Amino acid sequence: MDHFSYIDGRLHAEGVDAHGIVERYGSPVYVYSARTLREHVATLRQAFAPAAPMICFSVKSCANLSVLRLLADAGCGMDVVSGGELYRALAAGVAADRIVFAGVGKSMDEIRYAVEQGVHMFNAESEAEMARLDEAALAAGKRVRVAVRVNPDVADAGTPAKTSTGGRQTKFGVPLSRAAALFVPGRHRGLDVCGVHVHLGSPIHDTRTYLAAIGRIEELVAEVERGGGRVDTVNLGGGFPAHYGRSEGGAELVDMGRAICERLEPLRARGKRFIIEPGRSISANAGVLLTTVEYVKQGWDRLVTVLNAGMNTLLRPSMYGAEHFMWPAQHGSHTGHWNALAGPNAFEPTDIVGPICETGDYFALGRPLPPMKSGDVLAVFSCGAYGMSMASQYNARARPAEVMVDGTEVREIRRRESYADLVAHEVDGMS
Ligand code: LLP
């Protein structure tokens, strides 16, 4: 559950009127709810209580320093996938030994940086990467903890192809059949190869996908131990669901957590520890994008609503065909959560498009929405994950501001970019 709701037809983020935010910080703007972020961490902790995993927030989903700081205060570690994300997590005050480092293409510089900082664990994705890790560890005189990210050849039918990572045709991980050999003691003198990592895709709708992967992990652990190796940590990755629409199917987080923990019990009983890397299940529903209607126009055969935000601001609809619920920030007299709005299908369908010069720049096609006019504020829900973190300056459009609401307080946590910011890194190479 999140804390975006309507009071007398006006959208509020916790106790703050959305229109007031737009007046003060401009539009488009990403708005996060601190209470929602904290509650999502608590929900996950409760859902996974029997396995008591270390919860490493997936920084790529929402990388703002203030968000990371809030989540670290709520007890989260961090999952990072680049030197830049590691820098962000450390800058937010996260202890290095609460950070896991994943990613298929870690450079030697990134590896050295993370070894020097002393991250909790690397999730290694290939034999070649492990050789590099070994070299960096020996050079630093440190013993580095490593989990082998395996490709279990388990995929969820409901995950978009572009974000499905557990299948054998993807670039991720070490094929399960080759993994046990990497745990053989003495193979890497600088490494403590003691973990198994999987990330099956984002999002995973069917709990059975996790259960199938855990079965394969169990077999691998047994094989490793028969070969004299050791596994003390199992990392299940992320992909736990968020709510994007009003009537979406898929398992609820709490039920999913319970079933996963039951399936993990034999491993837990043998002393294994667990890590999960949730991104969207913490941040997606904790953020909305507020955008303003520039124009409403009649096309040949359709109504087109042009916003001041587009694929540069929120890429998910263009990139994955993702469907985000959206609704005017002021309409009617509804009081209650956005999920309980009545009668959205009664309105004339309109294409909701951005200002970018590409046909694929839309948030929705043929979406029934209440009539809107220039200047109206539209709220796009479930935008806290992979919203701002994937925003770009395409078409030389400055990226929006981000604000954090906590109760009745609003704080700007990233300034809107200016025209000067657009050219700040360019040097005159022509004179
Ligand atoms: N762990 C690893 C190793 C990952 O690659 C990811 C996401 C996560 C954890 C977190 O997954 P989550 O819990 O947020 O689903 N841009 C796409 C999603 C890409 C996900 C990439 N990896 C989107 O907007 O849906």
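In the UniProt record's numbering, the protein residues as written are 1 to 431.
Even glycine gets a Cβ: it sits at the ideal position worked out from N, Cα and C.
Note that the structure is predicted; figures quoted are calculated from it, not measured.
At least one heavy atom of the ligand LLP sits closer than 8 Å to the Cβ of Tyr-320.
Judged by the Cβ position, Thr-165 qualifies as a neighbour of the ligand LLP at the 8 Å threshold, a heavy atom of the ligand being closer than this. Out of Gly-237, Gly-229 and Val-224, the CA that lies nearest to the CA of Pro-203 is found in Gly-237. Boundaries of the alpha helix (DSSP H) harbouring Pro-266: 253–269, taken from the DSSP string. Annotation: His-40 is outside any beta strand (DSSP E); the continuous alpha helix (DSSP H) that includes it extends over 34–47. Beta-bridge partners assigned by DSSP to Ala-364: Ile-352.
Taking the Cα of Gly-84 as reference, the smallest distance to any Cα among Arg-69, Ala-95, Ala-96 and Glu-110 is reached at Glu-110.
Arg-399 is classed as buried because its beta carbon has at least 16 other beta carbons within 10 Å across all chains shown. For Pro-152, the closest of Arg-178, Ala-128 and Arg-24 by C-alpha to C-alpha distance is Arg-178. Following the DSSP letters along the chain, one finds Ala-72 inside the alpha helix (DSSP H) bounded by residues 65–73.
For Arg-226, the three-state secondary structure derived from DSSP is helix.
The three-state secondary structure of Glu-323, taken from DSSP, is coil. Excluding five sequence positions before and after Ala-155, the CB atoms of its chain that fall closer than 6 Å to its own CB belong to Ser-164, Gly-166 and Gly-167, given in chain order. Rounded to whole angstroms, the separation of the alpha carbons of Asp-2 and Tyr-30 is 15 Å.
In its chain, beyond the 5 residues on either side, no residue has a beta carbon closer than 6 Å to the beta carbon of Val-67. With fewer than three CB-CB distances shorter than 8 Å, the region 359–373 does not count as touching the region 261–279. C-alpha of Thr-408 to C-alpha of Ala-34: approximately 11 Å in a straight line. Gly-103 is positioned such that its CB atom lies no closer than 9 Å to that of Val-144.
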